[in-house]
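Q: Dumping the structure here so I can ask a few things about it.
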Amino acid sequence: MRRRPGLRPMFGGRLRPGAALLWRASWCVAMAFWTANSSLGQGLGFSAPSQSYYRSVEELYRGEYREAQRDFLQELRGAVKTVSTRWIDSICYHAMLGETYYQMGRLWDALEQFDAAANLYLQYPKWMLRVNFTQTPRPEPSRARVIVPWGASQRGAVLGDMSHSMQIAQGTLNNQRVAQEGGVLQQAQYWTIDVVEVNRCISLTLRRRNELLGSLGKHDPLSQRLLRELVRGGA
């Protein structure tokens, strides 16, 4: 029988069995680090939700439900995924797909999508604490609002002009611990996310689930978990 040649390091020579095993492990860690960083976007160049998502929202509001359904499903297939779950961008995709089914009268399918969005929110209840709010609030530069003839406010409140897209911290600062204990290595970086849109979709999810469940909502386990998280101060 022919002997299987041993692993050779780049500088020549044959590795002993123990050293070969260590070399293989080091190579796997290096490849995992490279794959995680190359597949999860290039820092500030990544933005969520995707630009095509907003075109799908416009299709929904124009009543083009079949096209919107197709495109939101496509958005879900291309969403950010980790080893064990999706990221918060999928909250938007699930919620708006659920809204599409809701407008089509497919209420059971709608509830399934809103449930998926709600479960994702519960996996990231403190996600806004990772947002980098660096922009100083400033007054809305557009023309003055039309004053309604009833209930005029005496507080003199001024609408603020805030950017919808902000940076959110993603990854971990201690990759050495991940390499020792296991998991996906991901370099700490900032991604760009539409904070307003994610919150709008969370609010839509809560509203539609309440409408669809009706009086059953107070007995629904997912609704109870949402209530506990929001009362506790989920960001």
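According to my numbering, the sequence shown is numbered sequentially starting from 2.
We treat Cβ as the ideally placed atom computed from N, Cα and C, and that holds for glycine.
Note that the coordinates shown come from a computational prediction; the quantities given were computed from them, not determined experimentally.
1) Going by beta carbon distance, what residues of the same chain come within less than 6 Å of D90, once the five residues before and after it are set aside?
2) What is the DSSP secondary structure of K127, counted as helix, strand or coil?
3) For a test of the three-state rule: what should DSSP assign to W151, helix, strand or coil?
4) May I have the straight-line CA-CA distance separating E113 from Q155, to the nearest angstrom?
5) Using a 10 Å radius around the Cβ and a threshold of 16 neighbouring Cβ atoms, would you call R210 buried or exposed?
6) Counting only the same chain and skipping the five closest in sequence on each side, list residues whose C-beta sits under 6 Å from that of E68.
7) Which stretch, first to last residue, makes up the alpha helix (DSSP H) that contains D195?
8) Between Q124, C93, E230, which lies nearest to Q52 when the distance is taken from Cα to Cα?
9) Does D195 pass the burial test, meaning 16 or more other C-beta atoms within 10 Å, or should it be called exposed?
10) Where does Q225 sit, in a helix, a strand or coil, going by DSSP?
A: With the structure as the only source:
1) Sequence-distant Cβ neighbours of D90 in its own chain, meaning closer than 6 Å and more than five residues away, are A49, P50, A80, V81.
2) Look at K127 here: in three-state DSSP terms it is coil, with no helix or strand label.
3) Taken through DSSP and simplified to helix, strand or coil, W151 comes out as coil.
4) Their backbone Cα atoms lie some 44 Å apart in a straight line.
5) The residue is buried, with at least 16 neighbouring Cβ atoms inside 10 Å.
6) Result list for E68: E60, in chain order.
7) First-last for D195: 190 to 195, but that is the beta strand (DSSP E), not the alpha helix (DSSP H).
8) For Q52, the nearest C-alpha among the options comes from C93.
9) D195 should be labelled buried.
10) Look at Q225 here: in three-state DSSP terms it is helix.
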